[in-house]
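First the structure, in the form of structure tokens, and then the observations on it.
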């Protein structure tokens, strides 16, 4: 899972767009502290007694964010499984990177980032979106993470001002 904060004007545009695309006047979403969650598939429910908490989201950190696996992005998978690695790419200081032309082959265009995404980083998140009817009867938006591109990290600004 990765949490992201939208710029104010982008948040309004995002909400309007998602409601329009899914033809819903209102959607619930997995938000915490003004941050949207981009997630992999939830772990399968092994509790068949029916007493477990319903819903698609888990508060547990996804193991898929721990390291980078294959450099190839599989576009026909709607949502990565919980045990899949989320590809994370490093676009910092990549002057020849062009998102439009390199999007179909990010693994060849950018080096892999082999650690956790630092808190406060500026990133581009590739995701698919879906809605589902929650156990509480509310239409809920799910943003299914596909990949992450790191554009900048918070500690870079501190280090670059000292040079």
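In the working numbering, the protein residues as written are 221 to 383. The beta-carbon is built from N, C-alpha and C at its ideal position, and this holds for glycine as well. Because the structure is a prediction, the values reported are computed rather than measured.
| Query | Result |
| --- | --- |
| Looking at C-alpha atoms only, which residue of 306, 250, 226, 299 is the closest neighbour of residue 334? | 306 |
| Please state whether DSSP places residue 269 in a helix, a strand or coil. | Reliability fails at residue 269, whose pLDDT of 42 lies under 50, so the model's placement of it is uncertain and no value is given. |
| Assuming residue 348 is part of the beta strand (DSSP E), what are its boundary residues? | 342 to 353 |
| Work out the CA separation of residue 310 and residue 336 for me, nearest whole Å. | 12 Å |
| What are the partner residues of residue 248, as DSSP defines its beta bridges? | 360 |
| Looking at C-alpha atoms only, which residue of 248, 237, 261 is the closest neighbour of residue 355? | 248 |
| Buried or exposed: where does residue 308 fall if 16 or more other Cβ atoms within 10 Å of its Cβ makes it buried? | buried |
| For the putative contact between residue 365 and residue 344, defined by C-beta atoms under 8 Å, what is the C-beta separation to the nearest angstrom? | Incorrect: roughly 12 Å between the Cβ atoms, too far for contact. |
| Taking the C-alpha atoms as reference points, what is the distance between residue 302 and residue 260? | 5 Å |
| What do you get for residue 258, buried or exposed, if any count of 16 or more other CB atoms within 10 angstroms of its CB means buried? | buried |
| Need the endpoints of the beta strand (DSSP E) that residue 315 sits in, please. | Here residue 315 belongs to no beta strand (DSSP E), and DSSP marks it neither H nor E. |
| Give the single residue among 375, 372, 360, 371 whose Cα lies nearest to the Cα of residue 235. | 360 |
| Run the CB neighbour count on residue 371, radius 10 Å, all protein chains shown included, and call it buried at 16 or more, exposed below. | exposed |
| Short of 7 Å in beta carbon distance, which residues of its chain neighbour residue 238, apart from the five on each side in sequence? Order them along the chain. | 247, 349, 361 |
| Can you tell me whether residue 335 is helix, strand or coil according to DSSP? | coil |
| Please report the residue range of the alpha helix (DSSP H) in which residue 240 lies. | 228 to 241 |
| So, at 6 Å on beta carbons, what are the nonlocal neighbours of residue 256 in its own chain, with the 5 sequence-adjacent residues on each side left out? | 224 |
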